[in-house]
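In my numbering, the protein residues as written are 152 to 339.
The beta-carbon is built from N, C-alpha and C at its ideal position, and this holds for glycine as well.
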């Protein structure tokens, strides 16, 4: 059984807490702000970034829970579900569906002997040239990737909130290492 001091628990709990912060942040918005086109980043909306975050988690979780070995995830094959990006309620529902039951299932699966953070994962994605390529990774690295990837999209969401006259919560768009450093320096 994983305890709060284990890396497995920390990865899943960190993902869950980050998703819960995202949920709280968008829960205060209406659909107009959620779908408002950015001035600085044409075509970008808060909803599109929420969808992008969720779809990365879903692809990885579905690959983990499929039972297929080796685990294979193709981040280029996202559904691009517009219902998540056009409705705050749908975005919040999608976040909760990942944050609670699905991440809990992943933690439960990590309790089984055939899965660990070192389990190989074949990752496919699109390179800058447009070509899709497969690389090898590990389950732990990909769980961390999804959470760290979210930090960068949260930073864009924070900018989009600023454009709309809103403010993101403190530490919403900071990597854990930045938060740790700031706290060690006595900064909020």
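query                                                                                                                          : result
Taking only three categories from DSSP, how would you classify residue 239?                                                    : helix
Name the one or two DSSP bridge partners that residue 275 has.                                                                 : 225, 285
Using only alpha-carbon positions, find the residue among 290, 309, 266 that is nearest to residue 189.                        : 309
Note down the Cα distance separating residue 161 from residue 234, rounded to an integer number of angstroms.                  : 31 Å
Following the continuous alpha helix (DSSP H) through residue 292, name the residue where it begins and the one where it ends. : 290-314
If you check the beta carbons only, do residue 273 and residue 222 fall under 9 Å apart?                                       : yes
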